[in-house]
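Written out below as C-alpha cells is the structure these notes cover.
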C-alpha cells in the first residue's frame, strides 16, 4: 500500500513538472509570436519596401532566437537575473554562457575577464544578408563591429578594396576619435555580427584605459606602415584582391584583428591613422588610375583639336 502511494505521488510529481515545463515553453513561444506580430504590423503600417522589411524582420528573428535560449520564464529573462548578481559572479556567468561567442573574437582572448564580461553584456547582435551594407561610406561612425560569421567587403565607391574575415573587428577608431567613415562595408554573404555602440565603447575605455592605449598604439603603427609599401603588398595588389587573414602567408588571428579598422577619422586620407596599409595602397592605386585616365583623355582631346585645325 505504501509503495502504491509513493508511486502515485511520484507519478503526480512528474506530470506536474512536465506540465509546468510545457506551460513555460508555450509562454515563451507566445511571447516570441507576439513580438514578431508587432514587428510585422510595424513593417506593414510603415509601408517599408520588401528588402528593407526583410532586414528588419531578420534582425528581430535573430535577436529573439538568441534571447530565447536563456529565457527563465515568461516574465523573467536572463538580463533581469544577471542585473541582480554581484559583479564578480555576473562576470563568471557571462563568460560561461557566451564562451563560444568569445572564442570567435581573438581581440578578447588576452583581455581581463571583467572587461570581456562587460563587452559581452553591451553587445547587440545583428544579421545582414548578402548585398546589405553594414555601414555606408560617408556615414557617421557610431558603432564598431565584430564579425562572427560570414565575410564582408570594404568598398571605396563601387570598388571592392579588401575582404574581412570572421573574427575581425572594424570601425573602432572612428568611434574613439569621432568622424565620418570614408569607406563602406557590405556583406558578401549572410553575416552575423556583434555591434558595440560608440557610447558604450567610450564607457569601457574609461574603465579600462589599457585597452584604449592598445587601440591607439595599433593606429600609430598603422600610420607608420602607410609611409612605405612593401614589395609583398604590391604583389598582392597586382595579383588580385588582398584578403585579411587569407593568402599563402596567412595573418595570425591577433594580427588580423589588429589591422581591421578601416575607417579614417578626418577628411585628409594620407594623415589618417585608421586606414589599413593594404587599403591605403589600393585607394591610392584607384585614385592614380583615375588621374591617369583623365590625363590621357585630355591629351586625346588636344590631339583631336589639332588634327581638326
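Residue numbers (mature numbering (1 follows the signal peptide of the UniProt record, and there is no 0)): -17 to -1, 1 to 292. Glycine included, every Cβ here is placed at the ideal spot set by N, Cα and C.
Own chain residues within Cβ distance below 7 Å of residue 105, not counting five before or after: Working through the chain shown from its first residue, we reach residue 105 at position 122. The answer, listed in chain order, is 179 and 183.
Straight-line gap, residue 30 to residue 42 (C-alpha atoms, nearest Å): For the purposes of this step, residue 30 is taken as residue 47 along the chain shown, with counting starting at 1. For the purposes of this step, residue 42 is taken as residue 59 along the chain shown, with counting starting at 1. Going from the Cα of residue 30 to the Cα of residue 42 covers about 18 Å.
With a threshold of 6 Å on Cβ separation, who are the neighbours of residue 111 within its own chain once the five nearest residues in sequence on each side are excluded? Working through the chain shown from its first residue, we reach residue 111 at position 128. Only residues of its own chain outside the window of five on either side were considered, and among them 117, 170 and 174 have a CB closer than 6 Å to the CB of residue 111, listed in chain order.
Would you mind giving the Cβ-Cβ distance between residue 135 and residue 147, rounded to the nearest angstrom? I have them listed as a contact below 8 Å. Sequence index remark: in the chain shown, residue 135 carries index 152 (1-based). Sequence index remark: in the chain shown, residue 147 carries index 164 (1-based). Contact between residue 135 and residue 147 holds, with the beta-carbon distance rounding to 5 Å and staying under 8 Å.
Paired residues, beta bridge with residue 181 - DSSP: Residue mapping note: residue 181 aligns to position 198 of the chain shown, counting from 1. For residue 181, which the question treats as bridged, DSSP gives no partner whatsoever.
Could you tell me which of 194, 200 and 122 sits nearest to residue 94, measuring between CA atoms? Taking the chain shown and counting its residues from 1, the one referred to as residue 94 is at position 111. Here the closest residue by C-alpha is 194.
Taking 8 Å as the cut-off, does the region 118 to 138 touch the region 79 to 92 (at least 3 CB pairs, one atom from each stretch)? The answer is yes - the region 118 to 138 touches the region 79 to 92, with three or more Cβ pairs under 8 Å.
Can you give me the C-alpha to C-alpha distance between residue 20 and residue 13, rounded to a whole angstrom? Residue numbering aside, residue 20 sits at position 37 when the chain shown is read from its first letter. Residue numbering aside, residue 13 sits at position 30 when the chain shown is read from its first letter. The alpha-carbon atoms of residue 20 and residue 13 are separated by roughly 10 Å.
Can you tell me the Cβ-Cβ gap for residue 121 and residue 163, rounded? I've got them flagged as a contact below 8 Å. Locating residue 121 in the chain shown gives position 138, counting from the first residue. Locating residue 163 in the chain shown gives position 180, counting from the first residue. Right, the Cβ-Cβ distance comes to about 6 Å (below 8 Å), so this counts as a contact.
Leaving out five residues before and five after residue 74 in sequence, what residues of the same chain have Cβ atoms less than 6 Å from its Cβ? The sequence position of residue 74 within the chain shown is 91, counting from 1. The beta carbon of residue 74 lies closer than 6 Å to those of 96, 97 and 100 in the same chain, with the five residues before and after it left out.
Could you pull out every residue in the same chain whose Cβ sits closer than 7 Å to the Cβ of residue 199, ignoring the five residues on either side in sequence? Stepping through the chain shown from its first residue, residue 199 is reached at position 216. Excluding sequence neighbours, residue 199 sits near nothing in its chain.
What is the DSSP secondary structure of residue 38, reduced to helix, strand or coil? Taking the chain shown and counting its residues from 1, the one referred to as residue 38 is at position 55. Helix at residue 38.
Check the C-beta distance from residue 15 over to residue 65 and give it rounded, since I have them as a contact under 8 Å. Here residue 15 refers to the residue found at position 32 of the chain shown. Here residue 65 refers to the residue found at position 82 of the chain shown. So it is not a contact: roughly 20 Å between Cβ atoms.
Run the CB neighbour count on residue 79, radius 10 Å, all protein chains shown included, and call it buried at 16 or more, exposed below. By 1-based counting over the chain shown, the position of residue 79 is 96. It is exposed - the Cβ of residue 79 has fewer than 16 other Cβ atoms within 10 Å.
What does the alpha-carbon distance come out to for the pair residue 197 and residue 188? Residue mapping note: residue 197 aligns to position 214 of the chain shown, counting from 1. Residue mapping note: residue 188 aligns to position 205 of the chain shown, counting from 1. The straight-line gap from Cα to Cα measures roughly 10 Å.
Since residue 168 and residue 144 are thought to touch, with beta carbons under 8 Å apart, how far apart are those beta carbons, to the nearest angstrom? Here residue 168 corresponds to residue number 185 of the chain shown, with the count starting at 1. Here residue 144 corresponds to residue number 161 of the chain shown, with the count starting at 1. With 8 Å as the limit, residue 168 and residue 144 do not qualify as a contact, their Cβ atoms being about 10 Å apart.
Compare the C-beta of residue 142 with all C-beta atoms of chain D and state if any pair is closer than 8 Å. In the structure shown, chain D does not exist; there is a single protein chain.
Take the Cβ of residue 81 as the centre, count every other Cβ of all protein chains shown within 10 Å, and call the residue buried at 16 or more, exposed below. Position 98 of the chain shown holds residue 81. So residue 81 ends up on the buried side.
Status (buried if at least 16 other CB within 10 Å, exposed otherwise) for residue 186: Start at 1 with the first residue of the chain shown, and residue 186 comes out as number 203. Classified as exposed, residue 186 has fewer than 16 neighbouring CB atoms from the shown chains inside 10 Å of its CB.
Please classify residue 70 as buried or exposed, where buried requires at least 16 neighbouring CB atoms within 10 angstroms. As a first step, residue 70 is located in the chain shown; it is residue number 87 there, counting from the start. So residue 70 ends up on the exposed side.
Hey, residue 38 and residue 115 are a contact pair by Cβ (cut 8 Å); roughly how many whole angstroms apart? Translated into positions along the chain shown, residue 38 becomes position 55. Translated into positions along the chain shown, residue 115 becomes position 132. Their Cβ separation, rounded to whole angstroms, is 6 Å, which keeps residue 38 and residue 115 in contact under 8 Å.
In chain order, what residues of the same chain lie with their CB nearer than 6 Å to the CB of residue 191, ignoring the 5 residues before and after it? Your numbering for residue 191 matches position 208 in the chain shown. The answer, listed in chain order, is 98.
Need the endpoints of the alpha helix (DSSP H) that residue 108 sits in, please. As a working mapping, residue 108 is identified with position 125 in the chain shown. Element bounds for residue 108: not the alpha helix (DSSP H) but the beta strand (DSSP E), 107 to 111.
Any chance you could list the alpha helix (DSSP H) runs of at least 4 consecutive residues sitting entirely within the region 123 to 181, in chain order? Runs found: 155 to 160.
Roughly how many angstroms separate the alpha carbons of residue 280 and residue 139, rounded to a whole number? In the chain shown, counting from the first residue as 1, residue 280 sits at position 297. In the chain shown, counting from the first residue as 1, residue 139 sits at position 156. Their backbone Cα atoms lie some 23 Å apart in a straight line.
By a C-beta neighbour count over all protein chains shown, 10 Å radius and 16 as the cutoff for buried, is residue 86 buried or exposed? Here residue 86 refers to the residue found at position 103 of the chain shown. Per the 10 Å Cβ criterion, exposed.
Considering residue 293, what are the terminal residues of the beta strand (DSSP E) in which it resides? Within the shown structure, residues of the chain are numbered from -17 to 292, placing residue 293 beyond reach of any answer.
Let me know the secondary structure DSSP gives residue 191 once reduced to three states. By one-based count along the chain shown, residue 191 stands at place 208. Three-state result, residue 191: coil.
What residues in its chain sit with their C-beta under 7 Å from that of residue 36, if we drop five residues either side in the sequence? Counting from one through the chain shown, the residue named residue 36 turns up at place 53. Only 26 meet the Cβ criterion.
For residue 213, count neighbouring C-beta atoms within 10 Å of its own C-beta (all shown protein chains included) and say buried if the count is 16 or more, exposed if not. Taking the chain shown and counting its residues from 1, the one referred to as residue 213 is at position 230. Because the pLDDT of residue 213 is 36, which lies under 50, any placement of that residue in the model is unreliable, and the number read from its coordinates should be weighed accordingly. In summary, residue 213 is exposed, with fewer than 16 beta-carbon neighbours lying within 10 Å of its beta-carbon over all protein chains present.
Measure the C-alpha to C-alpha separation of residue 181 and residue 45 and round it to an integer number of angstroms. For the purposes of this step, residue 181 is taken as residue 198 along the chain shown, with counting starting at 1. For the purposes of this step, residue 45 is taken as residue 62 along the chain shown, with counting starting at 1. Residue 181 and residue 45 have their C-alpha atoms roughly 22 Å apart.
Count the other CB atoms, across all protein chains shown, that sit within 10 Å of the CB of residue 225; report buried if there are 16 or more and exposed otherwise. Walking along the chain shown from the start, residue 225 turns up at place 242. Here residue 225 scores only 45 on pLDDT, less than 50, and its place in the model should not be relied on; the value that follows carries that caveat. Residue 225 is buried by the Cβ-count criterion.
How long is the line joining the alpha carbons of residue 103 and residue 84, rounded to whole angstroms? Within the chain shown, numbered from 1, the residue matching residue 103 stands at position 120. Within the chain shown, numbered from 1, the residue matching residue 84 stands at position 101. Computed Cα separation, rounded: 9 Å.
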